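Beneath this line is the structure, given in structure tokens, with notes to follow.
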Amino acid sequence: MKNAKGYIVLLITVLLTGGTLFFAEGQLRPFIEEASSGEHQGVLVSLFDGDTTFTEVEFSDETGFIEKVFEAEGKGYAYILQNRGFSDDIIFGLAFDLDGNITGYEIVYLNDTQGYGSLMGEEDFKNSIVGKTSIDGIAVVSGVTVTSKAIIDAIDAAKVHYNEAMGIEDDGSGVVEEPQAPPLNFGDTMAIFRDNVSDTRKGIILDTVEEGGNVIYTVEAAGYAVIEQYPDAKRNIFAITIDPANQVIVGVEVIETNDTPGIGDKVSHEDFLAQFENLSYADESVEVDTISMATVSSVSVVNAVLAAILESN
Amino acid sequence: MNRLENKPMGFFGNNPVLGLALGLTTALAVTNSVTNALGMGVLTFILVILAAVLGAVVKMVTPEEMLIPVNLVITAFLAKLGELFVLAFASSLATSVGIFLPLLAVNSLVLYATGAFHKEGSFGTSIMKAFSSGAAYVVALLVVAFVRELLGTGGVNLLNPFNGAALFSFSVLSSEFTLGLFTQPMGALLTVALVAGLFQALSKAPEEKGGK
Chain A
1 MKNAKGYIVL LITVLLTGGT LFFAEGQLRP FIEEASSGEH QGVLVSLFDG
51 DTTFTEVEFS DETGFIEKVF EAEGKGYAYI LQNRGFSDDI IFGLAFDLDG
101 NITGYEIVYL NDTQGYGSLM GEEDFKNSIV GKTSIDGIAV VSGVTVTSKA
151 IIDAIDAAKV HYNEAMGIED DGSGVVEEPQ APPLNFGDTM AIFRDNVSDT
201 RKGIILDTVE EGGNVIYTVE AAGYAVIEQY PDAKRNIFAI TIDPANQVIV
251 GVEVIETNDT PGIGDKVSHE DFLAQFENLS YADESVEVDT ISMATVSSVS
301 VVNAVLAAIL ESN
Chain B
1 MNRLENKPMG FFGNNPVLGL ALGLTTALAV TNSVTNALGM GVLTFILVIL
51 AAVLGAVVKM VTPEEMLIPV NLVITAFLAK LGELFVLAFA SSLATSVGIF
101 LPLLAVNSLV LYATGAFHKE GSFGTSIMKA FSSGAAYVVA LLVVAFVREL
151 LGTGGVNLLN PFNGAALFSF SVLSSEFTLG LFTQPMGALL TVALVAGLFQ
201 ALSKAPEEKG GK
């Protein structure tokens, strides 16, 4: 009998608390929804120019990447999107105008690796997204594949919802991009002329071709894979064009990189190679910037250039 | 539970977080900033008082062997109610503390405050115990958070945890002297241990001198 009383009290407690919660949730739901839309207000207003009124709308999404959808009065649709990045969830806002153009991309939360995943929150990537249409393809960024794919998958989910809402048929006629190279971060500065280059790292001249007043040297130099003695490691190979009469490096071309894909092959980036174009080496203190996180591969290019200069002398 | 019954909670001695490790998970997680600590501290304090009131009421009609299950239901109910109110009226706090808001349902301090473990206490005693333990919890959270934020970021930036408005801030360490470790979980454990040691030292009654 004593036990029965206890169970009855427990049952009554469960019913009373459950009922109270049911009632409280019903009463508080409008306030919670209002607060929830206000939570992302800062991001939403940055997605469109000028004052915009946002109304949260119901939606269905099989991917689970769409967290919230807002109708921007007279301007289009805004989305709060979420997907798992490399080390953490990524939350960002995206907006389409009424013509199907992406007008805004703003990161709410991004905690992926600094210098890699974090690049997806920077202006270069933002500029590559804004202006595209709801039927254009967006390519992943090589070297930042996991983070960029997570963002692009979420954008694709928003595109599907937007196209359905606006009655746009994605017939595949949109622009499809090649994978983008990630923006480059430069690191330490390095002098081209150095006395302390070890025999292992020195550039080796493979071929010499004279072309007008210029000489094109094909040079191989040890990169990260060779120095770290990876199995079957091969040296990187570059074509260095020198104007010996004027003591100018005309240009550097990467023929073959054999270092870590996505990291060492950044030496092919045009911003890095542009440093060597028409660079005078008359003054032997001349320096170039190495690539952050790809220093050893960068140095292999510098060593190849040095070998070509010494050969031309 | 002899220890809880025999040694009432206090600010320094038997502090709920630093001495008895009640509500420790939440305390470790939300003390990454003074703002979060204040918000969760105040919320927990309110829940502890409500738990004491409801716990004292049900104790009058509940057989002793059913006290813990009934009080567990009350704890879960209060935590969910608290979560709803925070989501409705303090969304910035809900965003800051994330999963640790619904996890109040397993905060052992709230369950303790229902009186599940001190069956003999009167209504007034339960309320007084809840008040002192809740206040001690808030103080512990604030001290730990202050140390962590100061060492981890070089200063303290206090916002109103319920609406995000800036209250005050100061900075005493330049960025090269800050220790990012203290903003991480490892720093939380280290700080709790150090502050617990300090509180314990402050609470120690002078040893009796003399002898046989």
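Same order as they appear, the protein sequences are chains A and B.
When the letters of the first sequence are read in order and numbered with this note's numbering, they come out as residues 1 to 313.
When the letters of the second sequence are read in order and numbered with this note's numbering, they come out as residues 1 to 212.
Ideal Cβ placement from N, Cα and C applies to all residues, glycine included.
Owing to the predicted nature of the structure, the values given are computational and were not obtained by experimental measurement.
Does any CB atom of chain A fall closer than 9 Å to the CB of residue i?
{"i": "Met66(B)", "result": "yes"}
{"i": "Phe177(B)", "result": "no"}
{"i": "Val70(B)", "result": "yes"}
{"i": "Phe113(B)", "result": "The sequence given here places Ala at residue 113(B); Phe does not occur at that position. Closer than 9 Å: no."}
{"i": "Glu208(B)", "result": "Bear in mind that a pLDDT of 49 at Glu208(B), under 50, signals an unreliable position, so the number given afterwards is only what the model happens to contain. So, not an interface residue."}
{"i": "Leu81(B)", "result": "yes"}
{"i": "Ala51(B)", "result": "no"}
{"i": "Phe77(B)", "result": "yes"}
{"i": "Met1(B)", "result": "Because the pLDDT at Met1(B) is just 46, under 50, the model does not fix this residue reliably, and the value given afterwards should be weighed accordingly. No, no contact with chain A."}
Is residue i close to chain B, meaning its C-beta is less than 9 Å from at least one C-beta of that chain?
{"i": "Phe70(A)", "result": "no"}
{"i": "Thr20(A)", "result": "yes"}
{"i": "Gly223(A)", "result": "no"}
{"i": "Thr13(A)", "result": "yes"}
{"i": "Gly64(A)", "result": "no"}
{"i": "Asn83(A)", "result": "no"}
{"i": "Thr17(A)", "result": "yes"}
{"i": "Asn258(A)", "result": "no"}
{"i": "Asn3(A)", "result": "yes"}
Report back the beta-carbon spacing between residue i and residue j to the nearest angstrom; my notes put them in contact at under 8 Å.
{"i": "Ala76(B)", "j": "Ala105(B)", "result": "5 Å"}
{"i": "Thr26(B)", "j": "Asn107(B)", "result": "6 Å"}
{"i": "Ala51(B)", "j": "Ile74(B)", "result": "6 Å"}
{"i": "Gly13(B)", "j": "Ser203(B)", "result": "3 Å"}
{"i": "Phe276(A)", "j": "Val305(A)", "result": "6 Å"}
{"i": "Leu152(B)", "j": "Ser171(B)", "result": "The question names Leu, but residue 152(B) is Gly in the sequence shown. Going by Cβ atoms, the distance from Gly152(B) to Ser171(B) rounds to 12 Å, so no, they are not a contact pair."}
{"i": "Ala221(A)", "j": "Ser300(A)", "result": "4 Å"}
{"i": "Ser70(A)", "j": "Phe54(A)", "result": "Checking the displayed sequence, the identity of residue 70(A) turns out to be Phe instead of Ser. So it is a contact: roughly 4 Å between Cβ atoms."}
For a contact defined as C-beta to C-beta under 7 Å, what are the partners of residue i on chain A?
{"i": "Pro185(B)", "result": "Simply none; closest approach about 14 Å."}
{"i": "Val138(B)", "result": "Those within 7 Å of Val138(B) in chain A number zero; the least Cβ separation is about 24 Å."}
Does the ligand FAD have even one heavy atom less than 8 Å from the beta-carbon of residue i?
{"i": "Ala52(B)", "result": "With respect to the ligand FAD, the structure shown offers nothing to examine, as it has no ligands at all."}
For residue i, which residues from the same chain have a beta carbon less than 7 Å from its beta carbon, with the 5 sequence-adjacent residues on both sides left out?
{"i": "Leu93(B)", "result": "Gly39, Val86, Pro161 and Phe162"}
{"i": "Val140(A)", "result": "Ser148, Lys149, Ile152 and Pro179"}
{"i": "Leu109(B)", "result": "Pro16, Leu22, Gly23, Thr44, Val48, Ser133 and Tyr137"}
{"i": "Gly187(B)", "result": "Arg148, Gly152 and Leu181"}
{"i": "Ile66(A)", "result": "Phe59, Tyr79, Leu81, Ala157, Ala158 and His161"}
Name the chain B residues that come within less than 8 Å of residue i, Cβ to Cβ?
{"i": "Ser36(A)", "result": "Leu87 and Ser91"}
{"i": "Gly42(A)", "result": "Result: empty, since nearest Cβ-Cβ is about 11 Å, beyond 8 Å."}
Since residue i meets chain B, which of its residues come closer than 9 Å, beta carbon to beta carbon?
{"i": "Leu10(A)", "result": "Thr62, Met66, Pro69, Val70 and Val73"}
Cutting at 6 Å between CB atoms, please list the residues of its own chain near residue i, excluding the five before and the five after it.
{"i": "Phe193(A)", "result": "Glu284"}
{"i": "Gly210(B)", "result": "Only weak support is given to the placement of Gly210(B): the predicted model assigns it a pLDDT of 49, under 50, and the value that follows is read from those uncertain coordinates. Counting only Cβ-Cβ distances below 6 Å, and skipping sequence neighbours, we find nothing."}
{"i": "Glu289(A)", "result": "Contrary to the premise, residue 289(A) reads as Asp rather than Glu in this sequence. Contacts found: Phe186 and Thr189."}
{"i": "Asp207(A)", "result": "Thr218"}
{"i": "Ala196(B)", "result": "Leu18"}
{"i": "Val209(A)", "result": "Ile216"}
Report the neighbours of residue i on chain B: residues whose CB is nearer than 7 Å to its CB, in chain order.
{"i": "Lys75(A)", "result": "Chain B residues near Lys75(A): none, gap ~25 Å exceeds 7 Å."}
{"i": "Phe31(A)", "result": "Ala88 and Phe89"}
{"i": "Gly6(A)", "result": "Thr62, Pro63, Glu65 and Met66"}
Give me the chain A residues within the contact set of residue i, using Cβ-Cβ distance strictly less than 8 Å, ordered along the chain.
{"i": "Leu84(B)", "result": "Leu21, Ala24, Glu25, Leu28 and Ile32"}
{"i": "Leu173(B)", "result": "What Leu173(B) touches in chain A: nothing, since even the nearest Cβ is about 22 Å away."}
Apart from the five residues on each side of it in sequence, which residues of its chain come closer than 8 Å, Cβ to Cβ, to residue i?
{"i": "Ile205(A)", "result": "Tyr217, Thr218, Val219, Ala307, Ala308 and Glu311"}
For a contact meaning CB atoms closer than 9 Å, what does residue i contact in chain A?
{"i": "Val58(B)", "result": "Val9 and Thr13"}
Closest Cβ-Cβ distance between residue i and chain D: below 9 Å?
{"i": "Gly262(A)", "result": "Here chain D cannot be found, since the structure's protein chains are A and B."}
>> What ranges does the beta strand (DSSP E) occupy inside the stretch 180-247 of chain A, keeping only unbroken runs of at least 3 residues that lie completely in it?
In response: 186-191, 204-211, 214-221 and 236-243
> What are the uninterrupted segments assigned as alpha helix (DSSP H) that are 4 or more residues long and contained completely in the stretch 91-145 of chain B, given in chain order?
Replying inline: 91-97 and 108-113
>> Runs of 3 residues minimum, wholly inside the stretch 99-129 of chain A: which ones carry the beta strand (DSSP E) assignment?
In response: 102-109
> At which residue ranges does the stretch 6-77 of chain B contain complete beta strand (DSSP E) runs of 3 or more residues, listed in the order of the chain?
Replying inline: none
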